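*Asks:* Structure below; questions to follow.
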Ligand code: ADP
Ligand code: MG
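Put into structure tokens, the structure is as follows:
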């Protein structure tokens, strides 16, 4: 099946061709028809398999067709996403595929002034892409009116329905018309969240692709035993060996991101960081530099784990193990997107072994082990010269103290949750 054969507007087909998409991916093939029929859909497919266009294409067609007959003002489709970067990225897909339609889209997220967003909303928006916090503010102030909404999309649905966001989403649903089409998209979902999703919709069509192995097939991934204090040497070594390889490094905390950047600097390796403590401008410029390949190494917290589609990320490093198997799937899923191949390596220290076992178990099959011989391990450590100075060490010690405290708190919380 080719996109040409779909009964969707010619303008959309033109834009699809411009993107270089020849035929639909599996998830697009399965999702586009029921969405065009107006059904509710819960779609689960691995990372990097084109889920965004799987909902953008049929939504644009539905709105394009209706718009010519009704021309009613107001937001017709709302897409919710967990982070600013992902919301902006989804909007980019809407913008590029709607070029030859009458449908327009706009993105609102926190971290920037509301005024320009209000002004734009006042002019009329068909598709609104939003993060929950800012959306909720603007809804309660009356700047976003959703009573004419026809389609609601939750991208990264399991995350949006989980602890941090569920209250906002449920509150929001009260502002929406009962008769609407609801679409859930994600690479991962557990039984509890699936039930919750079902409770929010009527007779959804369930589409699930390759549920057995949640890690996308284009990703070759392994884990190596590397002690906490040695991790920076191993990473430095890998980065020095492949200076042109686009590498995304995940760490557990914002503090660790900055601390790792300094540690790499002492090995004369340049890296940039992205995390929740950076302001919006810095976040966008880091992302842009990495996207364009001007910077080869990006150190990130989990805010960049979900949905972000950066071309040519060849290597993902879990410098710290993620907190869950889902998180693992999303982090390594930043590589091996579309038809690209990718590699991922996780560093596991002795204190993380329990976490690794839990991840292994929940993934359904254990992550391949990369054995490093004692000799190689020692050689790697010995090969690195660090450019130390006292200032750095002082700030490192301070960071370490703050971080230990945060880690202890988190550990307590995990224990409590387990009970
Ligand atoms: P997901 O949401 O499933 O993780 P994305 O929607 O971000 O994946 O898409 C991953 C990549 O695949 C993007 O770079 C996108 O441009 C590309 N892509 C999407 N659909 C197609 C297609 N039909 N043919 C080729 N590439 C595609
Ligand atoms: Mg996605």
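Numbering (this note's numbering), first residue to last: 31 to 449. We treat Cβ as the ideally placed atom computed from N, Cα and C, and that holds for glycine. Every value quoted in this text rests on a predicted model; they were computed, and no experiment measured them.
Exposed or buried, which one is residue 193 when buried takes at least 16 other CB atoms within 10 Å?
*Replies:* Exposed, because fewer than 16 other Cβ atoms sit within 10 Å of the Cβ of residue 193.
*Asks:* Which word fits residue 403, buried or exposed, when buried means at least 16 other C-beta atoms lie within 10 angstroms of its C-beta?
*Replies:* By the 10 Å Cβ count, residue 403 comes out exposed.
*Asks:* Counting along the chain, where does the alpha helix (DSSP H) carrying residue 410 start and finish?
*Replies:* From DSSP, the alpha helix (DSSP H) with residue 410 extends over 404-413.
*Asks:* Using the beta-carbon count (16 or more within 10 Å), is residue 383 buried or exposed?
*Replies:* By the 10 Å Cβ count, residue 383 comes out exposed.
*Asks:* Using 8 Å for Cβ pairs, my map puts residue 75 next to residue 239. What's the rounded Cβ distance?
*Replies:* Between residue 239 and residue 75 the Cβ distance is about 4 Å, and since that is below 8 Å, they are a contact.
*Asks:* Give the straight-line distance between the Cα atoms of residue 296 and residue 393, rounded to the nearest whole angstrom.
*Replies:* If you take the alpha carbons of residue 296 and residue 393, they lie about 36 Å apart.
*Asks:* Return the CA-CA distance between residue 187 and residue 414, expressed in angstroms with no decimal places.
*Replies:* Near 43 Å, if we compare the C-alpha coordinates of residue 414 and residue 187.
*Asks:* I'd like to know whether the C-beta atoms of residue 134 and residue 109 end up nearer to each other than 8 Å.
*Replies:* Cβ atoms of residue 134 and residue 109: not closer than 8 Å.
*Asks:* Select from 104, 51 and 112 the residue whose C-alpha is nearest the C-alpha of residue 126.
*Replies:* Closest option to residue 126, Cα to Cα, is 51.
*Asks:* Relative to the C-alpha of residue 336, which residue among 131, 85, 111 and 281 is closest?
*Replies:* For residue 336, the nearest C-alpha among the options comes from 111.
*Asks:* List the endpoints of the continuous beta strand (DSSP E) containing residue 250.
*Replies:* From DSSP, the beta strand (DSSP E) with residue 250 extends over 249-255.
*Asks:* For residue 96, which residues in the same chain have their Cβ closer than 7 Å to its Cβ, ignoring the five residues on either side in sequence?
*Replies:* For residue 96, where only same-chain residues beyond five positions count, there are no Cβ hits under 7 Å.
*Asks:* With distances taken Cα to Cα, identify the nearest neighbour of residue 284 among 245, 333, 211 and 254.
*Replies:* Of the candidates 245, 333, 211 and 254, the one whose C-alpha sits nearest the C-alpha of residue 284 is 333.
*Asks:* Is the closest heavy atom of the ligand MG to the C-beta of residue 366 under 7 Å?
*Replies:* Not under cutoff, so the answer is no.
*Asks:* Kindly list the residues whose CB is nearer than 6 Å to the CB of residue 147, restricted to its own chain and excluding five residues on each side of it in sequence; keep chain order.
*Replies:* Correct list, in chain order: 138.
*Asks:* Quick check: is any heavy atom of the ligand MG less than 7 Å from the C-beta of residue 60?
*Replies:* Not under cutoff, so the answer is no.
*Asks:* Could you give the residue range of the beta strand (DSSP E) that holds residue 348?
*Replies:* Residue 348 -> beta strand (DSSP E) spans 345-348.
*Asks:* For residue 218, verify whether its CB is less than 7 Å away from any heavy atom of the ligand ADP.
*Replies:* Because no heavy atom of the ligand ADP lies under 7 Å away, the Cβ of residue 218 does not count as near it: no.
*Asks:* Under a three-way DSSP split, which group does residue 82 fall into?
*Replies:* Residue 82: helix per DSSP, three-state reduction.
*Asks:* Taking residue 406 as the reference, give the member of 255, 88, 43 and 89 with the closest Cα.
*Replies:* Nearest option by C-alpha distance: 255.
*Asks:* Hey, is residue 277 close to the ligand MG, as in C-beta under 7 Å from one of its heavy atoms?
*Replies:* Checking every heavy atom of the ligand MG against the Cβ of residue 277, none is found closer than 7 Å.
*Asks:* Is DSSP giving residue 279 helix, strand or coil here?
*Replies:* Correct three-state label for residue 279: strand.
*Asks:* What does DSSP give as the partner residues of residue 183 in its beta bridges?
*Replies:* Looking at the DSSP assignment, residue 183 forms a beta bridge with 109 and 213.
*Asks:* Is the number of C-beta pairs between the stretch 316-324 and the stretch 259-269 that are closer than 8 Å three or more?
*Replies:* No contact exists between the stretch 316-324 and the stretch 259-269.
*Asks:* Is it buried or exposed for residue 236, if we count other Cβ within 10 angstroms and need 16 for buried?
*Replies:* Residue 236 is exposed by the Cβ-count criterion.
*Asks:* For residue 366, count neighbouring C-beta atoms within 10 Å of its own C-beta (all shown protein chains included) and say buried if the count is 16 or more, exposed if not.
*Replies:* Classification of residue 366: buried, given that the 10 Å Cβ count is 16 or more.
*Asks:* Please specify which runs of the alpha helix (DSSP H), each continuous and at least 4 residues long, are wholly inside the stretch 323-380, giving them in chain order.
*Replies:* Correct list: 355-362.
*Asks:* Among 106, 364 and 271, which one has its Cα closest to the Cα of residue 298?
*Replies:* The option with the nearest alpha carbon to residue 298 is 271.
*Asks:* What residue range is occupied by the uninterrupted alpha helix (DSSP H) comprising residue 195?
*Replies:* Note, residue 195: alpha helix (DSSP H), 193-203.
*Asks:* Between which residues of its own chain and residue 157 is the CB-CB distance below 6 Å, once the five residues before and five after are set aside?
*Replies:* Once the five neighbours on either side are set aside, the close Cβ partners of residue 157 are 107, 124 and 135.
*Asks:* Between the Cα of residue 166 and those of 71, 182, 201 and 319, spot the shortest distance and give me the residue it belongs to.
*Replies:* That would be 201, whose Cα lies nearest to the Cα of residue 166.
*Asks:* If we count the other Cβ atoms within 10 Å of its Cβ and call it buried at 16 or more, is residue 408 buried or exposed?
*Replies:* Exposed: under 16 other Cβ atoms inside 10 Å.
*Asks:* Which one or two residues does DSSP pair with residue 232 in a beta bridge?
*Replies:* Per DSSP, none; premise fails for residue 232.
*Asks:* With DSSP as the reference, identify every bridge partner of residue 73, one or two as the case may be.
*Replies:* According to DSSP, which records beta bridges pairwise, residue 73 is partnered with 215 and 237.
*Asks:* Rounded to the nearest angstrom, what separates residue 94 and residue 58 at their Cα positions?
*Replies:* So the two alpha carbons sit approximately 19 Å from each other.
*Asks:* How far does the alpha helix (DSSP H) with residue 169 in it extend, from its first residue to its last?
*Replies:* Residue 169 -> alpha helix (DSSP H) spans 162-170.
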